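Residue numbers (our numbering): 94 to 463. Where a beta carbon is used, it is the ideal one built from N, C-alpha and C, also for glycine. In this text the structure is predicted, and so the values were computed from the model without any measurement. Contents: one structure, followed by commentary.
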């Protein structure tokens, strides 16, 4: 706060002059009285009363001293008014300084909070992208398994977007004003934060649709495999009755396909989840090859009983192929989205760039001096 001096040069001069003239006003009467006490010459009988004479001598000096005192009174009032104005202006300035300091601290704290949230978002993007890649790599390797896509909640993004944007803008304008294009960079940052959750939502929506479609086809395929086993069981029983196969195994023209049926049963019994890959490799492909070999001998080929089974196997193989196709399409589209998130010029690198810029600017600031 500005210090006010109660005395300045002008006040001191006029105070001294007033005192001097006041003292001078006593000199004439004192001199006159002293002179009259030692001399008989002075005669005041013709001049009226002695007080009038003394007053006439003193009044000019007293009046002049009064003028100086009156001037001092007005001058002091002016000084008092000026001091009051200065104090009022100092109060306003102090309030402004406190407000600006509070705003700077608030902007600084919000930028620190934004920086921390951006670090969390970087970690979240990295973890999610890793989980997505693990999921589609597993689907690429074996789409017939029930692979699980791990997910995290999007609270980090919502919390960051809820931070006072005006406060963040003030923080950028205060602490990052030397950065080129800081306004457009801030706008782009919030655009990134708005868009990133939608990318993950898109992946999760596609993953859910893909999983449901695959589950539907797998369920249908599993039912068809059970039907395949049942039909071959019934056909085997029929052959045993008609051709007495147990007593004469050599009369069984389709013994190989019944062995494949038993293999299919074993695969389904061993694994709680139907392993379509094993069934395709150990049962369906050999079955198709066996049928091709059997059709070469048209006289012994039982088209009447095997025709529906052959059609069923063809349907199962088509469904398994469709699962592979669904998986390939899902993997391709998901990898594109993942690259947009964590690729060389993806959103992760952009968020990192903004966080690094904010961190570098904040490190130049001493929070105790805000």
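Of the residues the options, the one placed nearest residue i, counting alpha carbons only
{"i": "residue 283", "options": "434, 207, 322", "result": "207"}
{"i": "residue 457", "options": "371, 160, 205", "result": "205"}
{"i": "residue 238", "options": "254, 214, 304, 323", "result": "304"}
{"i": "residue 401", "options": "165, 434, 322", "result": "322"}
{"i": "residue 420", "options": "162, 153, 236", "result": "236"}
{"i": "residue 215", "options": "200, 188, 253, 233", "result": "253"}
{"i": "residue 329", "options": "351, 372, 461, 185", "result": "351"}
{"i": "residue 298", "options": "455, 427, 460, 117", "result": "427"}
{"i": "residue 271", "options": "460, 459, 453, 405", "result": "453"}
{"i": "residue 268", "options": "197, 173, 441", "result": "197"}
{"i": "residue 258", "options": "243, 276, 246", "result": "276"}
{"i": "residue 440", "options": "382, 256, 287", "result": "287"}
{"i": "residue 407", "options": "390, 422, 382, 386", "result": "382"}
{"i": "residue 295", "options": "274, 191, 423", "result": "423"}
{"i": "residue 105", "options": "168, 156, 116, 246", "result": "168"}
{"i": "residue 387", "options": "280, 349, 182", "result": "349"}
{"i": "residue 450", "options": "209, 220, 171", "result": "209"}
{"i": "residue 160", "options": "184, 108, 176", "result": "108"}
{"i": "residue 331", "options": "394, 398, 459", "result": "398"}
{"i": "residue 433", "options": "389, 219, 455", "result": "219"}
{"i": "residue 51", "options": "333, 359, 335, 280", "result": "In the structure as shown, the chain begins at 94 and stops at 463. Residue 51 is therefore absent and cannot be evaluated."}
{"i": "residue 162", "options": "182, 461, 112", "result": "112"}
{"i": "residue 226", "options": "170, 164, 437, 431", "result": "431"}
Residue i in three-state terms, based on DSSP
{"i": "residue 269", "result": "coil"}
{"i": "residue 239", "result": "coil"}
{"i": "residue 256", "result": "coil"}
{"i": "residue 113", "result": "helix"}
{"i": "residue 372", "result": "helix"}
{"i": "residue 211", "result": "helix"}
{"i": "residue 278", "result": "helix"}
{"i": "residue 459", "result": "coil"}
{"i": "residue 245", "result": "coil"}
{"i": "residue 152", "result": "helix"}
{"i": "residue 263", "result": "helix"}
{"i": "residue 344", "result": "Confidence at residue 344 is low in this model, with a pLDDT of 47, below 50, so its placement is unreliable and the value that follows should be read with caution. Helix at residue 344."}
{"i": "residue 359", "result": "helix"}
{"i": "residue 366", "result": "coil"}
{"i": "residue 390", "result": "coil"}
{"i": "residue 102", "result": "helix"}
Contact check, residue i vs residue j, beta carbons under 7 Å
{"i": "residue 413", "j": "residue 380", "result": "no"}
{"i": "residue 448", "j": "residue 211", "result": "yes"}
{"i": "residue 231", "j": "residue 224", "result": "no"}
{"i": "residue 376", "j": "residue 357", "result": "yes"}
{"i": "residue 285", "j": "residue 443", "result": "yes"}
{"i": "residue 290", "j": "residue 228", "result": "no"}
{"i": "residue 416", "j": "residue 307", "result": "yes"}
{"i": "residue 203", "j": "residue 261", "result": "yes"}
{"i": "residue 264", "j": "residue 200", "result": "yes"}
{"i": "residue 222", "j": "residue 429", "result": "no"}
{"i": "residue 367", "j": "residue 315", "result": "yes"}
{"i": "residue 384", "j": "residue 403", "result": "yes"}
{"i": "residue 325", "j": "residue 354", "result": "yes"}
{"i": "residue 300", "j": "residue 242", "result": "yes"}
{"i": "residue 317", "j": "residue 396", "result": "no"}
Bounding residues of the alpha helix (DSSP H) (the contiguous stretch that carries residue i)
{"i": "residue 417", "result": "396 to 435"}
{"i": "residue 383", "result": "378 to 387"}
{"i": "residue 456", "result": "440 to 456"}
CB contact below 7 Å: residue i versus chain C
{"i": "residue 256", "result": "Absence of chain C from the displayed structure is noted, only one protein chain being present."}
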